[in-house]
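Quick mapping for you: the protein sequence lines, in order, are chains A and B. My numbering numbers the first residue of the first sequence as 1 and each following residue consecutively. My numbering numbers the first residue of the second sequence as 1 and each following residue consecutively. Ideal Cβ positions, reconstructed from N, Cα and C, are used throughout, including at glycine. Only a predicted model underlies this, so the values are computations on that prediction, with no experimental measurement involved.
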Amino acid sequence: MNIARLLTIIILAFFLTKATTLSAQSDIRNDSAFFNSRIETLNEWLNSTGVGQVFYLSSIKIKKSKLEAIMTSKYKDIDSLTIAWNVLKHDYDSTDLNALYRKVFNFFAFEFELGKDSLTLNYKLNEKDVIAEVLYNKKKGVVVKSKSLDRGFSKTRNFSIMNIELESLNVSDGPVIEYAASGSNTANLKITRNKINEYLTEYFSKKGTFWYDAEIEILKETYNELTFEVTQLSEEILDDRNYFEYIRIEFRLAKKEGEFDIKIDVMGKYCGGFGFLPRRSEYRNMETDFKNDLERYEAKLAIRIKNLLTN
Amino acid sequence: MSETILRNKISKFILISNAVLFVTIIILYLFNGFLPDEFTVLIALISPVTAVYIGALVKYAIENKNVIDNPPNEKPVNQLYVTISYWSIPFHFSSIFIIIVLKAINLMTFEELKISFSIIETFFGAYVGYIVSSLFKTPDEKKED
């Protein structure tokens, strides 16, 4: 065998190994142990927020590039479920009944460490009947596909609905900044987005941990959305604890009657240890353990962004 | 080497190692090497191990409180016994120490720490128990033998 042939075989073998590794990396089934370990945490969160009064995460189905989470109703009849779920949706945001679906979806995607396009949430009354499917669409964002269940609801009334007792929700909702802006929508949205982008890039470039500088990544930038992920942070949200942190900040911009509304959502995770960076699977969600710190940070960030845009 | 000399050397090592281990865990915790719940679990994991060592040592010290000099005509212990007891206890302690430090500097997850700890205990726990109980036998226990 001559040297050229030997080299060709070695190069081919290298690329074949590389290709196999890359295809294995994109297969989320390899992380099924991690996803399964999140079920308990997510149910704890659902219970702590009050959503767990109606739905719990019963199982997950992991496909190559998609994770389907099954939310099963605690009520066994459609009448009770409809009433209880509507009460909670109104409690969260009476102007947008899909807001609670989106909140749960965003939290799940962050907890599962998945891109939103890799997650589907199915809300079920029982094994068979799906009442809503929540998924991500690149153009429309998080989409809720409600499905009506005819049988049962109109035929047999269930009088156990009279006994429904629900506690109010305890779901943190990010602040909304309102500020007046003149000019066309599109131009203003772009200017606003760019201002926020420049400000946060500059702000986080000075941050980091003792050993590492913060890494900033823009996960999504569309005409009305901007999502940042900042890793290798410390003492940013939990300023009295020297934990590793990483945060995801979402800005959703909307024009409303001569004003701009900017909705800010901050999601954060933390991990102990020092020296080397922890693995992503080791981080814990701040919303379950440090909800007050997270809300305080959101409020402070909202003030800073408002000052930036109005000055 | 006589059994008393070996026992004295190992006693000193056990006392110092235990102190170092606990102080290290506390220092690592203060530097956020562990989260509070991890720290609690870790202490619960380590306590039975230290209890085996310190418990036997303290019991022996109490039972022999009036013994000042080495027993006369003490039989020497063979090299195999010396080697096993001289190396297995330090190896046991060092393994635990290393996995704790690896977790604190994030080269190991807490789940991996628990698994490694179980493996170490499976391999060493029983043997170390034999050595400790053989070394720190009280006079009554020796008579029974």
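Cβ closer than 9 Å: which chain A residues qualify as neighbours of residue i?
i, result
"Thr40/B", "None at all; the shortest Cβ gap to chain A is about 13 Å."
"Ala104/B", "Gly272, Gly273, Phe274, Gly275"
Got a sec: is the Cβ-Cβ distance from residue i to anything in chain B below 9 Å?
i, result
"Leu67/A", "no"
"Pro175/A", "no"
"Glu236/A", "no"
"Ser281/A", "yes"
"Arg284/A", "yes"
"Asn292/A", "no"
"Ser23/A", "Residue confidence is low: Ser23/A scores 46 on pLDDT, short of 50, so the model does not pin down where it sits. Its coordinate-derived value is still stated next. With 9 Å as the cut-off, Ser23/A does not count as an interface residue toward chain B."
"Ser154/A", "With a pLDDT of only 46 at Ser154/A, under 50, the local geometry of the prediction cannot be trusted, and the value read off the model is given with reservation. No, no contact with chain B."
Rounding to the nearest angstrom, what Cα-Cα distance links residue i and residue j in this structure?
i, j, result
"Leu102/B", "Ile237/A", "26 Å"
"Ala24/A", "Ser65/A", "Unreliable positioning characterises Ala24/A in this predicted model, as indicated by a pLDDT of 46, which lies under 50. A coordinate reading is not provided."
"Met108/B", "Ala132/A", "40 Å"
"Ala99/A", "Phe97/B", "49 Å"
"Ser133/B", "Asn64/B", "15 Å"
"Gly275/A", "Lys206/A", "19 Å"
"Leu15/B", "Phe105/A", "54 Å"
"Leu169/A", "Lys128/A", "28 Å"
"Glu217/A", "Glu229/A", "5 Å"
"Asp91/A", "Leu45/B", "45 Å"
"Leu42/B", "Ser26/A", "35 Å"
"Ser47/B", "Val51/A", "40 Å"
"Leu28/B", "Leu21/B", "10 Å"
"Asn311/A", "Ser48/A", "39 Å"
Just the chain B side, please: which residues come within less than 9 Å of residue i by C-beta, in chain order?
i, result
"Tyr243/A", "Asn32, Leu35"
Grab me the residues of residue i's own chain with a C-beta within less than 6 Å of its C-beta, minus the 5 sequence neighbours each way, in chain order.
i, result
"Ser116/B", "Ile99"
"Pro278/A", "Phe244, Cys271"
"Leu22/A", "A caution first: Leu22/A carries a pLDDT of 43, below 50, which makes its placement in the model too unreliable to give a value."
"Asp93/A", "Ala99"
Along chain A, in chain order, which residues have C-beta atoms closer than 7 Å to that of residue i?
i, result
"Leu107/B", "Phe276"
For residue i, would you say it is in contact with chain A, using Cβ-to-Cβ distances shorter than 9 Å as the test?
i, result
"Trp87/B", "no"
"Phe117/B", "no"
"Phe123/B", "no"
"Phe110/B", "yes"
Ignore the nearest five residues each way along the sequence and tell me which others in residue i's own chain have a CB closer than 7 Å to its CB.
i, result
"Phe35/A", "Ile60, Ile62, Leu67, Phe112"
"Ser32/A", "Ile62"
Using beta carbons (cut-off 9 Å, strictly below), is residue i in contact with chain D?
i, result
"Glu38/B", "Among the protein chains in the structure shown, which are A and B, there is no chain D."
For residue i, which residues in the same chain have their Cβ closer than 8 Å to its Cβ, ignoring the five residues on either side in sequence?
i, result
"Thr192/A", "Ala181, Leu253, Phe260, Ile262, Leu309"
"Val77/B", "Met1, Ser2, Glu3, Leu6"
"Phe153/A", "Summary for Phe153/A: the model assigns pLDDT 47, below 50, so the residue's position carries little reliability; its value from the coordinates is reported in the next sentence. The residues are Ile78, Asp79, Thr82."
- Message: Measuring CB atoms only, is the region 125-133 of chain B touching the region 104-116 of chain B, in the sense that at least three cross pairs come out at less than 8 Å?
- Response: no
- Task: Specify whether the region 247-263 of chain A and the region 224-236 of chain A touch according to this definition: at least 3 beta carbon pairs, one from each stretch, less than 8 Å apart.
- Result: yes
- Would you say the region 192-204 of chain A touches the region 110-127 of chain A, given that touching needs at least three Cβ pairs under 8 Å? no
- Touch check for the region 261-269 of chain A and the region 295-302 of chain A: three-plus C-beta pairs under 8 Å? yes
- Task: Give a yes or no on contact between the region 280-294 of chain A and the region 2-11 of chain B, applying the rule of three or more CB pairs nearer than 8 Å.
- Result: no
- Sufficient close CB pairs (3 or more, under 8 Å) joining the region 28-43 of chain B to the region 5-12 of chain B: no
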